[in-house]
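Q: I'd like to ask some things about the structure below.
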Amino acid sequence: MLLMNRKGRFALFLLAILTFQFNATGQSASTKTLKRQVSRTTSTQKKGELLNQISWLYFEERNDSSLLYANRALLHADKYDLKEQLIVANLQTAEINRLKKDFDLVLVHLNNAHSSIKKGSFPELNVQYILFKGNLAYSERDYEKALSLYKKGYQKSLKHNKKLQTEFCFKFAKIDVRNSAFDQAEKQYLKASALALKYSDSTREILAYNNLGNLFARQQRYEESMPYFEKSLQLSLSYKNLRGQSKAYLNIGNLYYFKGYWTTSIEHYVKSANIKNALNDQAGMAKIHNNIGAIYKEQKRFEKSINYYQKSADFYKDQADTIRLTETWVNISVAKIILGKAKEGVQLLKQVLLLLDAKEDSETRLAAEINLAFAYSEMGKHGRALKQLAIAEASAIDLKDPHTQVFIDNLYGASYFHLENYTKAIVYYQKSLRVARDLGLLNDQKKALFGLYEAEEKLGRFQQSLSRFKEYNTLKDSLYNVASTTKLNELQEKYDSEQKENEIVNLNARNHSIGIENELKTNELKSSRLTIGIIVLIVLLLSIFIYQRIKGHKTQLAHTKKINEEEIHNLIQEQEITTLETVVETQQNERKKLAKDLHDTLGSYLATLKYQHEASTPKSTDALVMANYQKTSELITSASTELRSISHQMATGEGVEFDLISATRELVNRIQSTQRFKVHFHSLMEDRIQNSIELTLYKIIQELFSNVLKHAEAQEVTLQINRDENEVTIMFEDDGKGFDVSKSQLKGIGLSNVTHRVDELQGKLEINSQQNQGTTILVIAPLNQQL
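Counting in this note's numbering, the sequence shown runs without a single skipped number right up to 798 at its last residue.
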């Protein structure tokens, strides 16, 4: 995951602790059940089998008791000369020690197993031996030897151990992923899922779909990843595999996290946590704590993020799980660096690298090396940052990880920029841009383009700088383009515009027609024409009065607090505030008052006009004069009817529709156009709700945006609208200067209106904010309230 620091130039590499879980083990029998059987059986053969089964179940659960039972199985099989069980125990002991990195001991047990296999006829166990020997080669980073052994084992499995074909496919895929051959890895995982289904191996079938989901997630292809995780969940539910269910919920939650749907993400984490609690899966809970820490990190609530990461770190430390402990420490160090505690971050990262000296975890090492460079840069030690980046670059090359190389090149560019070596900065930014384009990494392209724009400007090459800035802006806009809603927004804007014109100008147009018709009248109708002219003037004046009232109401919302007051004033004059006043306010209070004004004033004038007109019936027998008189009577009657209709519609709101999501999208687009801050809008609300609730929620959202414009000095705002059967939830977050909730008066920070409107909905309002750490506001509106 790549984040920009507060200066905007130097980026950091944050290890994604939202690790997608691969294993989805299930148990045909619990270890407790097997232990009871061990204590009851009188068969030495059966006891040997049971001890090996218990050992392997514990191994799949990553429980340290696996080695204890493997040793018991070894002693039992050796004592009673159980040749097959002795081979199994040696193989399992070798695999357990491989994960403990005791490779010399692994080799001893593999050789013992191989010696026993050669003395008898055990073709199936020979395939298992080749598999585990390949695993040892892989752990020792001899990848060519590992691949050769896997190929050999796969060929033998076709005849002697068909169920292990699935396992070999997983191994081939693992090597393909390491070589960035993702298409080949996908084929191997699909083949593994088909084989698992064929041999009724539900555990491996679930695992295959989990790995497919992870494969696409690794490439940030989240839409393609989701169906595989959902398939994994479906299978886990079908097979009643609780561990599979828990991991699927966790992985799906991770996807929603990466897509920015944090509320939905947490919902899935809670489902996963409930199952993990039932299973007493403390390791799983540690992973969830990591994920919650990551969400707080995204919200820039770094202190809380550290608290949750620390819970995970404490567990991993107790379990002596160095790999996950170091992963968590990397994330804690990043949060500390951003909080201005770079020295503490450096100390923690150095501990990470020290612990990893004897461990095979190149990705965590790489993350630590890159973040160490970031820390040095934050401390102003850009020379040391460059040296650290050179170390990280060597690791990235060894891992054949072009994605991370893009990050590193951007960091090189930022470091040289700080050292005022703009020419060299450009070289690295160009390299990063070229590879990022090849890989389709849009965010990294954006960072490189911005770096090129600044560096070219520093060198006085203003034409090149302007060109890069245009590319940057184009790409930046494309990242937040919502093409699918453009037409809808246009139609909504057209509807609102036409509606306002109809309400204000309709009577004017009608009476203007009356004036045109009266030009055809004879001298006997001059007084009527004069009266109609007066009515037209009154209508025009009334229209201007209405327009001025609306304009005046909008002007009251103008901001005068800071240097951006003119921009904010212009924004409020734009359509999103017009939507509120012409649809929301007018629909409730202003409509009724204006309807009454129209009816009482213009209605009385039309009644008087009709009376005077009828009282001045012409005595002439001229057919043209009488025809004009009759036409005028019809027009006056039509004008009166139209007035009553408009007054009724304005008073009742009849015929006016309001769509919360469409109106909010339009509001977001208008705010985006000011370029004051970025707005990320997500909605999972598909069905409409009660109109009055939508109107009130829209006013709350406008008030929240208005507060950001007035007070927050934010760079980014995230708005989410979600709905379930019982309530609508609005989560509104900004990365602005924040405030002390305990000391602030709601009125003083512009939230009194929000509080009042939430109370109208009988809802709940939660405000979380700290100085310089942004603000998160949660609004929950029940759908069954009496309004």
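We put the CB at the ideal spot given by N, CA and C, even for glycine.
In this text, all values refer to a predicted model and were calculated from it rather than measured experimentally.
Counting Cβ pairs, one atom from each stretch, are 3 or more of them under 8 Å apart for the region 690-706 and the region 729-736?
A: Touching, yes.
Q: Decide if the region 105-117 is in contact with the region 140-151; the criterion is three or more beta carbon pairs, one per stretch, under 8 Å apart.
A: They touch, by the three-pair rule.
Q: Can you tell me whether DSSP reads residue 52 as helix, strand or coil?
A: Coil, per DSSP.
Q: When the Cα atoms are used, what is the spatial distance from residue 456 to residue 172?
A: Taking the straight line joining both Cα atoms gives about 49 Å.
Q: Label residue 91 either buried or exposed according to how many other C-beta atoms from any shown protein chain fall within 10 Å of its C-beta, with 16 as the threshold for buried.
A: Exposed is the call here.
Q: Three or more C-beta pairs closer than 8 Å, one from the region 143-159 and one from the region 180-195: is that the case here?
A: Because the criterion of three Cβ pairs below 8 Å is met, the region 143-159 and the region 180-195 touch.
Q: Under 8 Å between the Cβ atoms of residue 379 and residue 353?
A: No. Outside cutoff.
Q: State the Cα-Cα distance for the pair residue 712 and residue 675, rounded to the nearest angstrom.
A: Computed Cα separation, rounded: 8 Å.
Q: Between residue 44 and residue 175, what straight-line distance do the alpha-carbon atoms span, to the nearest angstrom?
A: About 26 Å.
Q: Starting from residue 731 and walking both ways along the beta strand (DSSP E), at which residues does that stretch end?
A: Unbroken beta strand (DSSP E) run through residue 731: 727-734.
Q: Using CA atoms only, rank isn't needed, just tell me which of 784, 783 and 779 is closest to residue 790.
A: Out of 784, 783 and 779, 779 has the C-alpha closest to the C-alpha of residue 790.
Q: Beta-carbon within less than 7 Å of residue 483's beta-carbon, same chain only, minus the 5 sequence neighbours each way: which residues are those?
A: 457, 460, 461 and 464.
Q: Would you tell me roughly how many angstroms separate the C-alpha atoms of residue 366 and residue 234, rounded to the nearest one?
A: C-alpha separation (whole angstroms): 37 Å.
Q: Decide yes or no for the touch test of the region 675-689 against the region 709-728: beta carbon pairs closer than 8 Å, at least 3 of them.
A: The answer is yes - the region 709-728 touches the region 675-689, with three or more Cβ pairs under 8 Å.
Q: Please state whether the Cβ-Cβ distance between residue 163 and residue 127 is less than 8 Å.
A: No, the Cβ-Cβ distance between residue 163 and residue 127 is not below 8 Å.
Q: Alpha carbon to alpha carbon, what distance is there between residue 418 and residue 245?
A: Between residue 245 and residue 418, the C-alpha separation is close to 37 Å.
Q: If I follow the unbroken alpha helix (DSSP H) through residue 204, where does it start and stop?
A: First-last of the alpha helix (DSSP H) with residue 204: 193-209.
Q: Look at residue 362 and residue 340 and say whether their C-beta atoms are less than 8 Å apart.
A: Going by C-beta atoms, residue 362 is nearer than 8 Å to residue 340.
Q: If you reduce the DSSP assignment to three classes, tell me which class residue 128 lands in.
A: If DSSP states are grouped into helix, strand and coil, residue 128 belongs with the helices.
Q: In this structure, what does DSSP give as the bridge partners for residue 150?
A: None; residue 150 has no bridge partner.
Q: Give me the Cα-Cα distance between residue 110 and residue 77, rounded to the nearest whole angstrom.
A: Rounded to the nearest angstrom, the two C-alpha atoms are 12 Å apart.
Q: Under the three-state reduction of DSSP, which class applies to residue 133: helix, strand or coil?
A: If DSSP states are grouped into helix, strand and coil, residue 133 belongs with coil.
Q: In three-state DSSP terms, what is residue 745?
A: Here residue 745 sits in strand by DSSP.
Q: Give me the residue from 191, 645, 192 and 216 with the minimum Cα distance to residue 203.
A: Closest by alpha carbon: 216.
Q: Since residue 420 and residue 442 are thought to touch, with beta carbons under 8 Å apart, how far apart are those beta carbons, to the nearest angstrom?
A: The Cβ separation is near 5 Å, so the contact holds.
Q: Nearest CA to the CA of residue 742: which residue from 766, 487 and 272?
A: Among 766, 487 and 272, the Cα nearest to that of residue 742 belongs to 272.
Q: From residue 180 to residue 200, what does the alpha carbon distance come to, in whole angstroms?
A: Taking the straight line joining both Cα atoms gives about 7 Å.
Q: Which runs of the alpha helix (DSSP H) spanning at least 4 residues fall entirely within the region 57-118, listed in chain order?
A: Complete alpha helix (DSSP H) runs here, min 4: 76-90 and 94-110.
Q: Go ahead and pull the three-state DSSP assignment for residue 6.
A: A question about residue 6 goes unanswered here, because the residues of the chain that appear run from 12 up to 798.
Q: Pop quiz: residue 177 and residue 136 are said to be a contact at Cβ under 8 Å. What is the actual Cβ separation, rounded to whole angstroms?
A: That pair is no contact at about 17 Å.
Q: In chain order, what residues of the same chain lie with their CB nearer than 6 Å to the CB of residue 239, ignoring the 5 residues before and after it?
A: 220, 223 and 224.
Q: With DSSP as the reference, please indicate the residues paired to residue 792 in a beta bridge.
A: BP columns for residue 792 point to 739.
Q: Would you mind sorting residue 376 into buried or exposed? The rule is 16 or more other CB atoms within 10 Å of its CB.
A: So residue 376 counts as buried.
Q: How far does the beta strand (DSSP E) with residue 803 in it reach, from first residue to last?
A: Residue 803 is absent from the structure shown; the chain starts at 12 and stops at 798.
Q: Kindly list the residues whose CB is nearer than 8 Å to the CB of residue 248, restricted to its own chain and excluding five residues on each side of it in sequence; keep chain order.
A: The residues are 256.
Q: Go to residue 690, then tell me how far its beta strand (DSSP E) extends in each direction, as first and last residue.
A: Start and end: 689-694.
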